[in-house]
Amino acid sequence: MNETKVYDLIIVGGGPAGLTSYLYAQRGLLNTLLVEKNFLGGQVVLTDQIENYPGFPEGISGFELIEKMVKQVEKLGLNLVQKEVVKIEKIENQNLIFKIWFSDGTYTLSYAVILALGASPKRLGIPGEKEFIGKGVSFCATCDGPFFKDEVIAVVGGGDSALKEALTLTKFVKKVFLIHRRDKFRAEPYLQKLVLQNPKIEILWNSTVEAIEGNQKVEKIKVLNKLTGEKIFLEVAGIFIFIGYEPNTFWLKGLVEVDPEGFILTDKAMQTSQQGVFACGDCVSKPFRQIIIACGEGALAALSAKEYIAHVKTS
Ligand code: NAP
Numbered sequence: 008m009n010e011t012k013v014y015d016l017i018i019v020g021g022g023p024a025g026l027t028s029y030l031y032a033q034r035g036l037l038n039t040l041l042v043e044k045n046f047l048g049g050q051v052v053l054t055d056q057i058e059n060y061p062g063f064p065e066g067i068s069g070f071e072l073i074e075k076m077v078k079q080v081e082k083l084g085l086n087l088v089q090k091e092v093v094k095i096e097k098i099e100n101q102n103l104i105f106k107i108w109f110s111d112g113t114y115t116l117s118y119a120v121i122l123a124l125g126a127s128p129k130r131l132g133i134p135g136e137k138e139f140i141g142k143g144v145s146f147c148a149t150c151d152g153p154f155f156k157d158e159v160i161a162v163v164g165g166g167d168s169a170l171k172e173a174l175t176l177t178k179f180v181k182k183v184f185l186i187h188r189r190d191k192f193r194a195e196p197y198l199q200k201l202v203l204q205n206p207k208i209e210i211l212w213n214s215t216v217e218a219i220e221g222n223q224k225v226e227k228i229k230v231l232n233k234l235t236g237e238k239i240f241l242e243v244a245g246i247f248i249f250i251g252y253e254p255n256t257f258w259l260k261g262l263v264e265v266d267p268e269g270f271i272l273t274d275k276a277m278q279t280s281q282q283g284v285f286a287c288g289d290c291v292s293k294p295f296r297q298i299i300i301a302c303g304e305g306a307l308a309a310l311s312a313k314e315y316i317a318h319v320k321t322s
């Protein structure tokens, strides 16, 4: 796909932010290409039930919400390519055009780019974590929960993800040990209330997991109580780790400015430090990450990109 054609806009990433950008770009009649290396929807597809997305009073599954978003963009024509972007650069002597390189060595061109790159689950970095991925270590309750029917499992973390997923897991398992490193959750109060009321969840405060052990699969975890210094082994069939996310921005290598954790810095119009490159969704530096916020930013990024493209094409 070494194209000489120059797209108005290339959107990298097909989660809620990227799909909303695409919707607004289509409605703005921009000639747009959406690039996604995996499946459309990103992390949201792996979410069991979403109860805080407006318009769905009974809640909606992540899969269904994305299905609806995809249907909406398909109505006006979905120009999608399933490839991995590895580099973005400005073309020499043609300062206003971007060259987007794919992992297969091909490239395509555009006047503007929207980065909707999302984020990936962070790891604990403890012995046994890597070895037992898929054998009891999981980062997705919806995907793997059904494999732990009537078992005892552990969940690590104290944010929205850990509490929400611990609640999801109680639908399948006999018991959940919820292990948190502090004595206070950072999750929204409503989730905290549900967790504290759930008889299947036992909370281990001020505790960290030091090792994951087993033979063919996870059998036990070593837990340190940071207040007492006591170390215990818990017999669990699985451990679900939800300790936050890191942005998928490592490959940008100086294209745009990022914060110390690698999240992209933008202004209030979602413009990055690189003129013509916009960013939205979970890869952006900000205090809160929600689907509705990602969608709002996606709309804003596309509207800003449209203004920028009109300016570039007439100058
Ligand atoms: P998060 O809010 O960053 O929380 C991460 C949790 O993991 C914190 O409790 C943190 O402890 C703990 N943690 C971090 N590193 C750790 C380590 N090395 N060892 C042990 N514990 C560690 O991440 P998140 O829950 O994945 O949420 C990410 C974003 O998505 C947030 O903005 C969240 O609001 C949003 N989200 C929203 C929903 C929703 O339903 N509304 C659902 C999922 C996610 P400390 O508290 O001590 O720092």
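Numbering (our numbering), first residue to last: 8 to 322. Even for Gly, the Cβ is constructed at its ideal location relative to N, Cα and C.
Which residue comes first and which comes last in the alpha helix (DSSP H) that contains residue i?
i: Pro267; result: No alpha helix (DSSP H) contains Pro267, which DSSP labels as neither H nor E.
i: Asp15; result: Careful: Asp15 lies outside any alpha helix (DSSP H), inside the beta strand (DSSP E) at Val13 to Val19.
i: Ser311; result: Ile298 to Thr321
i: Ala148; result: Ala148 to Asp151
i: Ala126; result: Ala126 -> not in any alpha helix (DSSP H); beta strand (DSSP E) instead, spanning Ala126 to Pro128.
i: Tyr197; result: Pro196 to Gln204
Of the residues the options, which one's Cα is nearest the Cα of residue i?
i: Leu241; options: Ala218, Leu262 and Ile248; result: Ala218
i: Pro128; options: Gln56, Ile250, Thr273 and Ser311; result: Ile250
i: Tyr252; options: Ile104, Cys147, Ala32 and Ile67; result: Cys147
i: Phe139; options: Ala194, Val93, Val92 and Glu220; result: Glu220
i: Phe184; options: Lys200, Ile228 and Glu195; result: Ile228
i: Lys238; options: Leu211, Leu53, Tyr29 and Ser280; result: Leu211
i: Val300; options: Leu310, Asp289 and Ala309; result: The identity of residue 300 in the sequence shown is Ile, whereas the question assumes Val. Comparing Cα positions, the closest option is Asp289.
i: Asn232; options: Ile98, His187, Thr175 and Pro206; result: His187
i: Gly165; options: Pro196, Gly135, Ser145 and Val180; result: Pro196
i: Val92; options: Lys260, Glu136 and Leu170; result: Lys260
i: Glu96; options: Thr273, Val263, Asp274 and Ile298; result: Val263
i: Gln89; options: Lys44, Val159 and Ala308; result: Lys44
Give the range of the beta strand (DSSP E) segment to which residue i is assigned.
i: Pro254; result: Tyr252 to Pro254
i: Ala94; result: Before going further, note that residue 94 is Lys rather than Ala in the sequence given. Val92 to Lys97 is the span of the beta strand (DSSP E), which, as asked, contains Lys94.
i: Phe240; result: Lys238 to Glu242
i: Gly143; result: It is not in any beta strand (DSSP E) - Gly143 carries neither H nor E in the DSSP assignment.
i: Glu220; result: Ser214 to Gly221
Determine whether the beta carbon atoms of residue i and residue j lie at a separation below 7 Å.
i: Ala312; j: Phe295; result: no
i: Val163; j: Ile248; result: yes
i: Phe257; j: Ser292; result: no
i: Gly22; j: Gly125; result: yes
i: Leu40; j: Asn86; result: yes
i: Val243; j: Ala161; result: yes
i: Ile208; j: Val216; result: no
i: Leu176; j: Gly152; result: yes
i: Ile107; j: Ile98; result: no
Using C-beta distances below 6 Å, list every residue in its chain close to residue i, excluding the 5 sequence neighbours before and after it, in chain order.
i: Gln2; result: With the chain running from 8 to 322 in the structure shown, residue 2 is simply not present.
i: Asp190; result: Trp212 and Asn213
i: Ala119; result: Leu16, Gly283, Ala312, Tyr315 and Ile316
i: Asp157; result: Lys181
Tell me whether residue i, by its Cβ, gets closer than 6 Å to a heavy atom of ligand 2.
i: Ile250; result: Inclusion of ligand 2 in the displayed structure is not the case, the ligand content consisting of ligand 1 alone.
Ordered along the chain, which non-local residues of its own chain (more than five positions away) have a Cβ less than 8 Å from that of residue i?
i: Gly84; result: Gln33
Starting from the C-beta of residue i, find all residues in its chain whose C-beta is less than 7 Å away, skip the five residues before and the five after it, and write them out in chain order.
i: Lys171; result: Leu198
i: Tyr29; result: Ile18, Thr39, Leu41 and Val80
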